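The next block holds one structure in the form of structure tokens; read it before the comments.
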Amino acid sequence: MKYFALYETGANTGLYALGSTELEAESTSDAVTQAEKSAPAGCRTGVWPYQMISGTPSATTPTDAENGKQYNVLAQPDGAAGQFSANGQVFASIGADAAGMCLSLQKFFGYRLGLIPTDAKPAPAATQPDTGSTGSSTVSSGTTSSGSAPSDGGSVVSGGTAAPAA
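Going letter by letter, the sequence shown gives residues 101 to 266 in my numbering.
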């Protein structure tokens, strides 16, 4: 099934914006897991299931890992320019993946519905790597050349590793 990520607009706002990358997943929980990889720090992640053709979606039997998962429903009643927010409903993947119910009811209500796990946690904040030193530090990236090439035909990357050429 196809999905787009829904990312919370700020920590604990309860409002969600539609992401721009299409996801392909076997289940709703798989789609959420994929979307969480790009979640803004401190924000929760949901998904919006969609299908490109009209008509009622076919029921999809939930995978063993998906079966029993529950999702809060996020609605976008103000149209494509609006944000998604919880509408008080809970869907569960019992007998069929919750995304199918979402797709069917989108047609009934006339606006988009998304899903977020009922136990969704905010994405962790980005952390700086622990270098073991105290005080100020400078982080840089790029390649530094000393003016000479490695004598063994390998390559050297600043801050990386040296490896002989294959």
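Virtual Cβ for every residue (Gly too), placed ideally from N, Cα, C.
Nothing here was measured: the structure is a model prediction, and the numbers come from that model.
Residue j beta carbon less than 9 Å from that of residue i
i, j, result
"Ala175", "Ser127", "no"
"Ser185", "Leu115", "yes"
"Tyr215", "Tyr150", "According to the sequence shown, residue 215 is Leu rather than Tyr. No, the pair does not count as a contact, with Cβ atoms beyond the cut-off."
"Gly195", "Thr161", "yes"
"Gly142", "Gly110", "yes"
Residue i to residue j span [Cα, whole Å]
i, j, result
"Leu118", "Lys207", "18 Å"
"Glu108", "Ala131", "16 Å"
"Asp197", "Phe191", "9 Å"
"Glu124", "Ala105", "11 Å"
"Ser158", "Ala225", "39 Å"
"Gln189", "Pro177", "14 Å"
"Asn187", "Gln134", "24 Å"
"Met350", "Ser129", "The chain is shown from 101 up to 266; residue 350 falls before or after that span and cannot be answered."
"Leu213", "Ala165", "23 Å"
"Ser138", "Lys169", "22 Å"
"Trp148", "Tyr103", "5 Å"
"Lys221", "Thr163", "22 Å"
"Glu122", "Glu136", "13 Å"
"Pro140", "Asn167", "28 Å"
Given residue i as reference, the closest of the options once Cα atoms are compared
i, options, result
"Thr218", "Ser204, Ser193, Met201", "Ser193"
"Ala180", "Ser120, Ala111, Pro140", "Ser120"
"Ala223", "Arg144, Gln134, Lys102, Glu122", "Arg144"
"Thr113", "Gly195, Gln183, Val147", "Gln183"
"Met201", "Val173, Ala220, Lys221", "Val173"
Cross-strand partners of residue i (DSSP beta bridge)
i, result
"Phe104", "Glu122, Trp148"
"Ser185", "Leu115, Ala175"
"Ile216", "Asn172"
"Val132", "Val132 pairs with nothing; no bridge assigned."
"Phe191", "Tyr171"
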